[in-house]
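Okay, structure first, notes after.
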Amino acid sequence: MRHVLVAPDKFKGSLTAAEVAATVADAVTRRRPEVPVRLLPVADGGDGTVDAAVAAGFRRVRTLVSGPTGQPVPASFATRGGTAVVELAEASGLHRLPGGTPAPLTATSAGTGELIAAALRTDCRRLVLGVGGSACTDGGAGMLSALGARLLDGAGDELPPGGAALRGLDRLDLSGLPSRLSDVDIELACDVDNPLLGPSGAAAVYGPQKGAGPAEVTVLEDGLRRWSEVAGAEYAGVPGAGAAGGVGFAALALLGATRRDGIGLLLDLLGFDGALRGARLVVTGEGSLDEQTLRGKAPAGVARAAAEAGVPVAAVAGRCLLSGDRLREAGIGSAYALTDLEPDPARCMADARGLLHRRVIQLADDLLEDAS
Numbered sequence: 002m003r004h005v006l007v008a009p010d011k012f013k014g015s016l017t018a019a020e021v022a023a024t025v026a027d028a029v030t031r032r033r034p035e036v037p038v039r040l041l042p043v044a045d046g047g048d049g050t051v052d053a054a055v056a057a058g059f060r061r062v063r064t065l066v067s068g069p070t071g072q073p074v075p076a077s078f079a080t081r082g083g084t085a086v087v088e089l090a091e092a093s094g095l096h097r098l099p100g101g102t103p104a105p106l107t108a109t110s111a112g113t114g115e116l117i118a119a120a121l122r123t124d125c126r127r128l129v130l131g132v133g134g135s136a137c138t139d140g141g142a143g144m145l146s147a148l149g150a151r152l153l154d155g156a157g158d159e160l161p162p163g164g165a166a167l168r169g170l171d172r173l174d175l176s177g178l179p180s181r182l183s184d185v186d187i188e189l190a191c192d193v194d195n196p197l198l199g200p201s202g203a204a205a206v207y208g209p210q211k212g213a214g215p216a217e218v219t220v221l222e223d224g225l226r227r228w229s230e231v232a233g234a235e236y237a238g239v240p241g242a243g244a245a246g247g248v249g250f251a252a253l254a255l256l257g258a259t260r261r262d263g264i265g266l267l268l269d270l271l272g273f274d275g276a277l278r279g280a281r282l283v284v285t286g287e288g289s290l291d292e293q294t295l296r297g298k299a300p301a302g303v304a305r306a307a308a309e310a311g312v313p314v315a316a317v318a319g320r321c322l323l324s325g326d327r328l329r330e331a332g333i334g335s336a337y338a339l340t341d342l343e344p345d346p347a348r349c350m351a352d353a354r355g356l357l358h359r360r361v362i363q364l365a366d367d368l369l370e371d372a373s
């Protein structure tokens with residue numbers, strides 16, 4: 002019998018992708034016990050990327066790294082068969098800020114570099130770097146420093162961490178970078194195409210989300226401009242250079258990374274095509290289905306891949322802000338939102354699992370009536 006493939010991203014703030022997938026599977030099985038269900042929680046390179054890799058059979062490697070303000074934080078990466086998956090948010094994400102207090106001028110990506118260094122100590126020949134949800138706007142300078150680069154001011158002293166300090170950068174010494182880097186193919190899993198600088202750049206667009214006011218955005222922009230002048234101005238305008246506060250720039254300019262569509266890369270990594278083979282329906286989703294979803298987020302990537310295989314797609318979400326026409330354009334035949342049952346967002350998040358279960362019962366009644 003053909004199976005249902007459950008491939009959601011997280012409901013941010015309430016359920017992980019694995020929890021969403023398990024809840025969907027339970028509801029489908031209760032309503033249609035004869036229908037096989039296969040789980041493949043997904044991510045697009047941001048939060049949850051390592052979890053998705055582990056759910057697909059990768060091995061989790063735990064370590065301790067520097068958080069965005071320098072404090073030690075537990076983090077992990079995933080590895081399997083010569084491939085390592087590193088998630089920036091594990092080390093340098095907003096949720097790693099002590100007390101949730103922003104540090105827009107001084108937050109560092111050093112912990113991401115420490116995770117990469119740990120991954121390089123394995124036998125990996127391919128390293129996937131998922132970027133998204135970062136707390137810093139340091140252009141990836143902290144990441145490079147943690148890997149052995151030295152960022153020096155005019156007096157030859159090393160710069161302190163953070164994007165603001167980059168204004169004083171005089172020269173960059175890369176002699177301390179591990180030679181092992183040249184043996185590893187680094188792929189940047191990225192779902193944004195922002196450049197490093199300017200009105201669409203890392204500081205202007207994402208700085209305010211990390212606590213930067215107008216004056217601080219200007220400081221960060223100046224720091225990133227100086228960083229690009231020293232590290233590789235020709236990469237500043239490359240799509241994705243502005244990802245994760247400029248970590249994309251450092252990866253592309255100095256680590257030799259290649260940029261790939263985040264969800265496309267992750268679906269390949271997780272074996273989505275194999276899981277899709279023989280499916281009668283795909284259920285995907287995320288916390289909010291909106292216009293941003295259609296710009297490279299996980300549900301859109303899942304729907305696109307399913308459409309190419311001729312498999313229908315339904316979506317679950319905390320809320321759905323897309324019209325039926327927009328959903329169908331993205332390859333999603335129907336959407337089941339928690340707000341259809343509970344319009345209050347706070348209550349939706351508090352009872353996300355129960356509400357999701359009820360919506361999937363309805364989905365099963367609507368779409369799996371013929372269980373042959």
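According to my numbering, the sequence shown is numbered sequentially starting from 2.
C-beta atoms are modelled at their ideal positions from N, C-alpha and C, and glycine is treated no differently.
Just so it is clear, the structure is predicted and the values come from calculations on it, not from any experiment.
Fill in: Supposed close pair VAL284, VAL317 - CB separation, criterion 8 Å
6 Å
Worksheet item: Is it the case that the Cβ atoms of THR64 and LEU89 are separated by a distance below 8 Å?
Response: no
Worksheet item: Would the beta-carbon of ASP45 fall within 8 Å of that of LYS298?
Response: yes
Discussion item. Check whether the region 359-373 and the region 17-28 touch, using three or more Cβ-Cβ pairs below 8 Å as the test.
Written reply: yes
Fill in: Rounded C-alpha distance that separates GLY214 from PRO69
19 Å
Worksheet item: Can you give the Cα-Cα distance for ALA276 and VAL239, rounded to whole angstroms?
Response: 34 Å
Worksheet entry | Own chain, CB closer than 7 Å to ALA150, minus 5 neighbours either side, in chain order | LEU173, ASP174, LEU175, GLY177 and LEU178
Fill in: Where ARG281 falls: helix, strand or coil (DSSP)
strand
Discussion item. Suppose you measure from the CA of ALA336 to the CA of THR17; what does that come to, to the nearest Å?
Written reply: 19 Å
Worksheet entry | Residues that LEU130 bridges to, as DSSP identifies them | VAL87 and LEU189
Item to complete: Check the DSSP bridge columns for ARG60 and list the partner residues they point to.
Response: THR80
Discussion item. Tell me which residue opens and which closes the beta strand (DSSP E) that ARG226 is part of.
Written reply: Not the beta strand (DSSP E): ARG226 falls in the alpha helix (DSSP H), residues 215-232.
Practice prompt. Ignoring anything shorter than 4 residues or poking outside the region 273-348, list the alpha helix (DSSP H) runs there in chain order.
Written response: 273-277, 299-309 and 325-330
Worksheet entry | Test item: CB-CB of GLY208 and VAL218 under 8 Å | yes
Worksheet item: If you run the structure through DSSP and keep just helix, strand and coil, what is LEU66?
Response: Residue 66 is actually Val in this sequence, not Leu. Residue state, collapsed to three classes: strand.
Fill in: Buried versus exposed, by CB contacts within 10 Å (16 or more), GLY58
exposed
Discussion item. Assuming the contact rule is C-beta atoms closer than 8 Å, SER229 and ALA237 should be a hit. Round their C-beta distance to whole Å, please.
Written reply: 4 Å
Discussion item. Between LEU41 and LEU6, how many whole angstroms is the CB-CB distance? I'm expecting something under 8 Å.
Written reply: 6 Å
Fill in: Touch test, the region 242-252 against the region 30-39, Cβ-Cβ under 8 Å, three pairs minimum
no
Discussion item. Is the separation between the beta-carbon of SER77 and that of VAL51 shorter than 8 Å?
Written reply: yes
Worksheet entry | Nearest residue (CA-CA) to GLY184, options ALA244, GLN210, LEU128 and PRO200 | Here the sequence assigns Asp to residue 184, which means Gly is not the residue at that position. The residue with the shortest Cα to Cα distance from ASP184 is LEU128.
Worksheet item: How big is the Cα-Cα spacing for SER110 and ASP154?
Response: 19 Å
Worksheet item: So ALA92 packs on ALA54, CB below 8 Å; how close in whole Å?
Response: Rounded, the Cβ-Cβ distance is 16 Å, inconsistent with contact.
Worksheet item: Can you find at least 3 beta carbon pairs, one from the region 294-310 and one from the region 327-334, that sit closer than 8 Å?
Response: yes
Fill in: Pairwise C-alpha distance: PRO346 and GLY325
21 Å
Worksheet entry | DSSP-derived helix/strand/coil call for SER110 | coil
Item to complete: Report whether the distance from the Cβ of GLY83 to the nearest heavy atom of the ligand GTP is below 7 Å.
Response: No copy of the ligand GTP appears in this structure; indeed no ligand is present at all.
Item to complete: Please go through the same chain and pick out, in chain order, the residues whose beta-carbon is closer than 8 Å to the beta-carbon of LEU266, but skip the five residues on each side of it.
Response: GLY46, VAL129, GLU188 and ALA190
Worksheet item: Using a Cβ-Cβ cut-off of 8 Å (strictly less than) and excluding sequence neighbours within five positions of ALA353, which residues of its own chain qualify?
Response: PHE12, SER15, LEU16, GLY319 and LEU339
Worksheet item: In the DSSP assignment, what are the bridge partners of SER180?
Response: None, per the DSSP bridge assignment.
Item to complete: May I ask you to list the residues that DSSP assigns as paired with HIS4?
Response: ALA280
Discussion item. Which residues does DSSP list as the beta-bridge partners of GLU235?
Written reply: Bridge partners of GLU235: none, in fact.
Worksheet item: Are the Cβ atoms of GLU235 and LEU198 separated by less than 8 Å?
Response: no
Worksheet item: From VAL220 to ALA165, what distance separates their C-alpha atoms?
Response: 6 Å
Practice prompt. For GLY71, I'd like the list of residues in its chain whose CB is within less than 8 Å of its CB, leaving aside the five on either flank, ordered along the chain.
Written response: THR109, ALA111 and PRO162
Worksheet item: Near ARG122, which residues of its chain fall below 8 Å by C-beta distance, leaving aside the five closest residues on each side in sequence?
Response: none
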